[in-house]
Amino acid sequence: MDKYIQTLVKNVRTKLDEWFNQQENIQLEDLYRFLHSIAGTAATIGFDEAGEAAKALMLQLETVEDPEWTQAKLKDFLYPLISVFYYQDVNEDIEDLKNAVNTEQKLILMIDEDTSFLMMMKEELEKNNWVVMSVANPDRTIQSYYDFHPDCVMINISNNDSIGIKNYLQLKDNMRKKFIPTIMMSQDNAKEIRLKAYQLGADDFIHKTMDMDELTIRINRQLERKQELDALIMIDNLTNVYNRNYLHHLYSQLIHHRKQSRHNFSIAMVNIDDFKAINDTNSHVTGDYVLQTFANHMKKGLSVHDVIIRYGGDVFIFLLPESTADQAKEVLDILLEEFATIPFEYGKHHFICTFSAGVVEVEENDEDLIKNIEMAEAALHQAKANGKKQVRLVQREQLPSLPKHLHIGIVDDDPIIRTMLEELVHKSKITDGYSLDIQTFTNGMEFLESEWHKRSEDPYLIVLDGMMPRMDGIEVLQNVREYRDQDKYTVIMLTSRKSDRDIARALTLGADDYITKPFKLLELETRIGHLIKRMK
Numbered sequence: 001m002d003k004y005i006q007t008l009v010k011n012v013r014t015k016l017d018e019w020f021n022q023q024e025n026i027q028l029e030d031l032y033r034f035l036h037s038i039a040g041t042a043a044t045i046g047f048d049e050a051g052e053a054a055k056a057l058m059l060q061l062e063t064v065e066d067p068e069w070t071q072a073k074l075k076d077f078l079y080p081l082i083s084v085f086y087y088q089d090v091n092e093d094i095e096d097l098k099n100a101v102n103t104e105q106k107l108i109l110m111i112d113e114d115t116s117f118l119m120m121m122k123e124e125l126e127k128n129n130w131v132v133m134s135v136a137n138p139d140r141t142i143q144s145y146y147d148f149h150p151d152c153v154m155i156n157i158s159n160n161d162s163i164g165i166k167n168y169l170q171l172k173d174n175m176r177k178k179f180i181p182t183i184m185m186s187q188d189n190a191k192e193i194r195l196k197a198y199q200l201g202a203d204d205f206i207h208k209t210m211d212m213d214e215l216t217i218r219i220n221r222q223l224e225r226k227q228e229l230d231a232l233i234m235i236d237n238l239t240n241v242y243n244r245n246y247l248h249h250l251y252s253q254l255i256h257h258r259k260q261s262r263h264n265f266s267i268a269m270v271n272i273d274d275f276k277a278i279n280d281t282n283s284h285v286t287g288d289y290v291l292q293t294f295a296n297h298m299k300k301g302l303s304v305h306d307v308i309i310r311y312g313g314d315v316f317i318f319l320l321p322e323s324t325a326d327q328a329k330e331v332l333d334i335l336l337e338e339f340a341t342i343p344f345e346y347g348k349h350h351f352i353c354t355f356s357a358g359v360v361e362v363e364e365n366d367e368d369l370i371k372n373i374e375m376a377e378a379a380l381h382q383a384k385a386n387g388k389k390q391v392r393l394v395q396r397e398q399l400p401s402l403p404k405h406l407h408i409g410i411v412d413d414d415p416i417i418r419t420m421l422e423e424l425v426h427k428s429k430i431t432d433g434y435s436l437d438i439q440t441f442t443n444g445m446e447f448l449e450s451e452w453h454k455r456s457e458d459p460y461l462i463v464l465d466g467m468m469p470r471m472d473g474i475e476v477l478q479n480v481r482e483y484r485d486q487d488k489y490t491v492i493m494l495t496s497r498k499s500d501r502d503i504a505r506a507l508t509l510g511a512d513d514y515i516t517k518p519f520k521l522l523e524l525e526t527r528i529g530h531l532i533k534r535m536k
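Numbering (the UniProt record's numbering), first residue to last: 1 to 536.
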């Protein structure tokens, strides 16, 4: 970047930082003077896009009578200018952002304590339009697997059984049931290592010095095989109920039957209460047992005509032909009361489980599956918000109902980055349907001292800059991972390309993902989309 443009960008950052952090409102004449200065300087040094943006905003100010501006109003007003400076920094064409974000990319979970290898592989494999989530801390292997629902797992193996391998053995049965391929990697290409990998259940073994083109083909072969198997499988192997792939087919059949029989037809969305806490407090193996017990209990209590579908995680869809909404609620209330008496245990810890549900009756003039599921989900959210352990009916006259809450913290000392990220989250399709709670922080200490993220047990997504004054991102991450409720925080680090040591440290401390500056907003949006999908 030209040194004169660099100086202008620095001066703009300084002024924005001052305005966005002061308590007093900003005066109209100060804002006009600021824009006038940018317009003149930008034209002189050849930064024409900034000059034109500043002039356009000055024209808008000519019709403004309010002499004072709040920080929020100022941020919205200056966004077109701030975006010009941001794209100058990353050299990104604004038109690129018109492309749709893709959160359906194949996700590879890579587990290795060698952070340098993780960083290299992540950079290379993501050139194939895959998302790679790196785990350097073996203690987070199980949590990451259940959170990210990977399409493929790649894990390091050596003569010395690592914690990562021991954790993999706990996941092996679950992975087999879901047909998730395992690729084991090693720096050692000795025969005994290769045999050990296959004995442990690996679908493939790679030597870490393998040619990247060959590695890419072998990974892609495993991903394609899984996709083909997924398309063929109708039954969820963990719970032995139908899986989501079969939902549309079953629904079409039941709608056709309803038109012939003229019977009522209801849909319920059912969710086990506090399931994440069950996993965190006990174990994911215990969580799997809870899901199996729940499914078995429901199958025994429902009619032979009723259908249960595992929609995802701990969420189930019930298709209830020949049932009005009131009849469906009556049955589910009984099943809830019975389920709440089933004892579970993990070690010396004994506990019970409950569920919440939302029910909608499918009307003849409104049979769209997605719309009816959304209405059932809205009623489910009302049940959750009203204390859980209950079944709620859709009140069509009260729609739209309570949206899901999404808490996002942006911790960065750069006012341009903060503004761009806040705007990205607000406008992105990945946050459609959510009630957004976004907070920005200028440094790590300000974030740690804030009560904002301590007042709720809800999950929080934190976008954390690595280099900041007072306390850098690594120190913040270290503090967060020492919290008793640290599992509620999903952290994506923003790092410099020259800070490999910081990336390695972040992965070791349990960062969920990282992206290097300068980054394209579309890439960050995709990564945030994947992280939001894992949050409950």
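By construction, the Cβ of each residue, glycine as well, lies at the ideal position given by its N, Cα and C atoms.
No experiment lies behind these values; they were computed from the predicted model shown.
- A straight-line Cα-Cα distance of about 28 Å links residue 251 and residue 338.
- When Cβ pairs closer than 8 Å are counted between the two stretches, the stretch 308-327 is seen to touch the stretch 268-288, the count reaching three or more.
- Secondary structure in the stretch 369-445: the alpha helix (DSSP H) runs of 4 residues or longer, each lying completely within the stretch, are 369-385, 415-427 in chain order.
- If you check the CB distance, residue 111 and residue 419 do not come in under 9 Å.
- Counted as a single uninterrupted DSSP element, the stretch harbouring residue 515 is not any alpha helix (DSSP H) but the beta strand (DSSP E) occupying residues 513-517.
- In the pairwise beta carbon analysis, the stretch 71-85 is classified as touching the stretch 415-430: at least three pairs are separated by under 8 Å.
- Between residue 500 and residue 467, the C-beta spacing is not below 9 Å.
- The beta carbon of residue 360 sits closer than 6 Å to those of 267, 372, 375, 376, 394, all from its chain and outside the five residues before and after it, given in chain order.
- Residue pairing from DSSP places residue 133 in a beta bridge opposite 109.
- Put simply, the stretch 120-128 does not touch the stretch 198-205. Fewer than three CB pairs are less than 8 Å apart.
- Checking the DSSP bridge columns, you'll see residue 68 partnered with 27.
- For residue 358, the enclosing beta strand (DSSP E) starts and ends at 355-361.
- In this model, residue 119 and residue 29 are separated by some 49 Å (Cα to Cα).
- In this structure, the alpha-carbon of residue 107 lies about 26 Å from that of residue 411.
- For residue 245, DSSP assigns no beta-bridge partner whatsoever.
- Remark: C-beta atoms of residue 344 and residue 351 approach each other more closely than 9 Å.
- By the Cβ neighbour-count rule, residue 190 is exposed, with fewer than 16 other Cβ atoms within 10 Å of its own.
- Rounded to the nearest angstrom, the gap between the Cα atoms of residue 298 and residue 532 is 29 Å.
- For residue 253, the closest of 64, 444, 321 by C-alpha to C-alpha distance is 321.
- Annotation for residue 473: the continuous alpha helix (DSSP H) segment containing it runs 473-480.
- Of the candidates 16, 22, 142, 358, 142 places its Cα closest to the Cα of residue 512.
- Under the three-state reduction of DSSP output, residue 5 falls in the helix class.
- Shown here, residue 261 sits in a helix according to DSSP, grouped into three states.
- Residues of the same chain with a CB within less than 8 Å of the CB of residue 248, apart from the 5 flanking positions on each side, are 369 in chain order.
- For residue 495, the enclosing beta strand (DSSP E) covers residues 489-496.
- In the three-state DSSP reduction, residue 155 falls in the strand class (E or B).
- Boundaries of the beta strand (DSSP E) around residue 204: 204-207.
- If you look at residue 465, you'll find it in the beta strand (DSSP E) that goes 460-465.
- A contact is defined here as three or more CB-CB pairs under 8 Å, and the stretch 218-225 fails this definition with respect to the stretch 163-174.
- Measuring C-alpha to C-alpha distances from residue 492 to each of 334, 42, 134, 469 identifies 134 as the nearest.
- Per the coordinates, the alpha-carbon of residue 292 lies some 21 Å from the alpha-carbon of residue 168.
- Three or more pairs of CB atoms, one per stretch, sit closer than 8 Å, so the stretch 18-33 contacts the stretch 66-75.
- Where residue 285 is concerned, the enclosing alpha helix (DSSP H) starts and stops at 284-301.
- The alpha-carbon of residue 444 is positioned some 38 Å away from that of residue 180.
- Residue range 521-534 is occupied by the alpha helix (DSSP H) that includes residue 526.
- Taken atom to atom, the span from the alpha-carbon of residue 47 to that of residue 392 is near 58 Å.
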